[in-house]
Amino acid sequence: MKIIPIILIILIAFPFVSALNKPQLQKYVNDFANVLDYDCENKINSIAEKIESDSTAEIAVVTMSSLCNESGCDDLEKYANELFRENGIGKKEKNNGAMVLVFIQDRRYRIEVGYGLEGNIPDIVTHQVAEKYMVPEFKAGNYCNGLYYTVYNLGEYIKNPEEKIQTDYNKPPEKLSYLGFYIFAIIIAFSVIQIVLNKSWEGLIFVMPFVLFIGTFLWSEGKNNKTILFAVLLILLVAIIIIVKGLKQKNKRSGFYHIFSGGSGNGSGGGGSFGGGSSGGGGSSGRW
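Going by our numbering, the residue at position 226 of the sequence shown is 223; the numbering climbs one at a time, nothing skipped.
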């Protein structure tokens, strides 16, 4: 009859055994639910990287499908705390980490906060941030916006803990209108075309610094905006065709012909492990 006590022990212990695996997290976005595209991950990684650079605080973003599997369902708060501690989010000596954890199918979220940030982002602040910036976007199906605004605003509180949440969305400041800049770029582009058509190569040398500056700006903008990126590539293609035709005509007379090629930049992103921080269970949970 010794088997009965063993069965009882197993039954008693079973609820305390985590049904879900706890994955190894990387900086900063961990999209296990596959709800974020590359551009979105890159954007959130960039703001989280800036927050760490400015304050040393580490913020992890984790999306998962559900708290439940064939073995049962986990407790949200318990799972979040264990996942946080096992991955050591935040610097070990400061415990200044935070984790935004969402379960898409369950429509539940948890913002877990390390010991060292509980003064900057106490429970009430994490709840207000989530309810104002994450929940409305999630209800509309905008997971990218919801997570980005949440991380951005947590970062603002980490840097300025005395600030109060405004009635309206405290969204990241929009970039200034670049209408005048684009008009200037168009003028330069037409100047280049005119110079090439007129074979005024001295004039081309004069405007090339402006072309390089504008091209660099548009490329940097285009990495986060597919429309701008497409426009940049189209403009570059047209410009290359015109310039190459002009060079061919010029160099047929001079007897030589060169083709130059340029490299391309890489987008910024996360990667690497966190700093060994811990959490005492601070934060807030909710649904959308």
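For every residue, glycine included, the Cβ atom is placed at its ideal position computed from N, Cα and C.
Per DSSP, the beta-bridge partners of Tyr106 are Val99 and Gly283. If you draw a 10 Å sphere on the C-beta of Ser68, you find fewer than 16 other C-beta atoms in it, and that means exposed.
Within the DSSP bridge table, the entry for Ile56 names Ala95 as partners. For Asp120, the enclosing alpha helix (DSSP H) has its first and last residue at Asp120 to Val126. Cβ contact annotation for Arg107 (same chain, cutoff 6 Å, sequence separation greater than five): Leu73, Ala77, Leu98 and Ser282, in chain order. In this model, Lys89 and Asn39 are separated by some 26 Å (Cα to Cα). In this structure, the beta-carbon distance from Tyr154 to Asn117 falls below 8 Å. Under a 10 Å Cβ-count criterion, Gly152 is classified as buried, with 16 or more other Cβ atoms of the shown protein chains found around its own Cβ.
Cβ-Cβ separation between Glu109 and Phe81: approximately 5 Å, consistent with a contact (criterion under 8 Å). If you draw a 10 Å sphere on the C-beta of Lys75, you find fewer than 16 other C-beta atoms in it, and that means exposed.
Counting along the chain, the unbroken beta strand (DSSP E) around Val26 starts and ends at Val26 to Asp28. With respect to the 8 Å criterion, Ser50 and Lys156 are not classified as neighbours on the basis of their beta carbons. Contact between Lys91 and Gly113 holds, since their C-beta atoms are separated by about 4 Å, short of 8 Å. For Ile155, the uninterrupted alpha helix (DSSP H) run begins and ends at Tyr140 to Lys156, by DSSP.
Contact between Asn84 and Gln21 holds: CB atoms are separated by about 7 Å, below the 8 Å threshold.
Under the criterion of beta carbons closer than 8 Å, Val148 and Ile41 qualify as touching, at roughly 6 Å.
Gly143 sits buried, since 16 or more C-beta atoms from the chains shown fall within 10 Å of its C-beta. For Ala137, there is no enclosing alpha helix (DSSP H), since its DSSP letter is neither H nor E.
Inclusion of Ser62 and Gln23 in the CB contact set at 8 Å is not warranted, their separation being larger than that value. By the neighbour-count definition (other C-beta atoms within 10 Å, threshold 16), Asp71 is a buried residue.
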